[in-house]
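Residue numbering for the sequence shown follows the working numbering, beginning at 408 and increasing consecutively.
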Amino acid sequence: MSLEQSLTVIFRNVNNTQRLIGDMQRGFGETIRIAAMPTLANTFLPQAIAEVSAKSPKLRFVLKSLEPTPMESRLTNGDYNFCLTQTQPRRPQVEFEPILTTSFVCVIHRDHPLAKRRRIDPPDLRSEVLISFSERVAHGRSLDTVFEDSDTERRVGVQTTSSALAVRLVESGYGIALIDPFAIDRIDDSRVVVRAMTERQPIELGFIYMTGRQFEAGERQLMKAIRKSALEWEERIRATWGSAFFPPATTQSGTAKVS
408 MSLEQSLTVI FRNVNNTQRL IGDMQRGFGE TIRIAAMPTL ANTFLPQAIA
458 EVSAKSPKLR FVLKSLEPTP MESRLTNGDY NFCLTQTQPR RPQVEFEPIL
508 TTSFVCVIHR DHPLAKRRRI DPPDLRSEVL ISFSERVAHG RSLDTVFEDS
558 DTERRVGVQT TSSALAVRLV ESGYGIALID PFAIDRIDDS RVVVRAMTER
608 QPIELGFIYM TGRQFEAGER QLMKAIRKSA LEWEERIRAT WGSAFFPPAT
658 TQSGTAKVS
């Protein structure tokens, strides 16, 4: 380890200690710092935090809505205890713990001819303007591969990392959203429909954290509550839309490493 890296670790530990002392002086116990991708933060964190806070009112939470690209570096810098993401880590010192697996969906306005289809093939979208992910992010690259395999161009009119925003655009009459499904249980189904892709490219939801991390009691509580919130979301989606948005091998529960 270089001198600069050693100093960074020392200053980070000093800052963490100062924050801990400040929290204790203000009457708080453990502080949990978590980052999550925007749609995941809105979908899974509110219920989980409310549930944990009711049981452990002295816990303090620091939440950050963050995209995957800076997430790993901020995690390894010690800014967060763990993160909630849909992207596998690239750094060897970061571990991924799966919660559930789903797949991409199409959100289509009810007035659009494709709304009558049960499933959507990439060639069906050849002449459509899409609201979707950039090729610069993992989801965008996965979708590009799906479209390339069918010799179809993916025409993205609006690039976004927010599935909720993509749904709002379709509800207002613009384009077709090709996104992850984590915002679809709050759609206006009088205006739009959700359809599965024939090619069910998997999306894994899970936690990332530093390999070998020893979790505090409050962290374990929150991770358990987030997992519960995610699996309840899966049950709602299956009950409303069926199993078409989940790869065939998906089970309704991930393998928990934190109990």
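Backbone N, C-alpha and C define an ideal beta-carbon position, used for all residues, glycine too.
Ranked by how close their Cα comes to the Cα of R634, the residues R481, G619 and T508 have T508 in first place.
Taken atom to atom, the span from the alpha-carbon of I506 to that of F653 is near 13 Å. Along the length of the segment 467-491, whole alpha helix (DSSP H) runs at least 4 residues long occupy 475-483, reported in chain order.
The criterion of a C-beta distance shorter than 7 Å is satisfied by V512 and V601.
By the CB criterion at 7 Å, D551 and E560 fall outside the cutoff.
Under the three-state reduction of DSSP output, R645 falls in the helix class.
Residue range L537 to S539 is occupied by the beta strand (DSSP E) that includes L537.
When the five nearest sequence neighbours on each side are left out, the beta carbons in the same chain lying within less than 8 Å of the beta carbon of G582 are those of E535, V536, L537, I538, G564, V565 and L576, in order along the chain.
F653 carries a coil assignment under DSSP once its states are collapsed to helix, strand and coil. Fewer than three pairs of CB atoms, one per stretch, sit closer than 8 Å, so the segment 454-463 makes no contact with the segment 473-480. The segment 613-627 makes no contact with the segment 448-458: fewer than 3 CB pairs, one atom from each, lie closer than 8 Å.
Q493 sits buried, since 16 or more C-beta atoms from the chains shown fall within 10 Å of its C-beta.
Given a length threshold of 3 residues, each whole run of the beta strand (DSSP E) inside the segment 535-613 is given here in chain order: 537-539, 563-566, 583-586 and 599-604.
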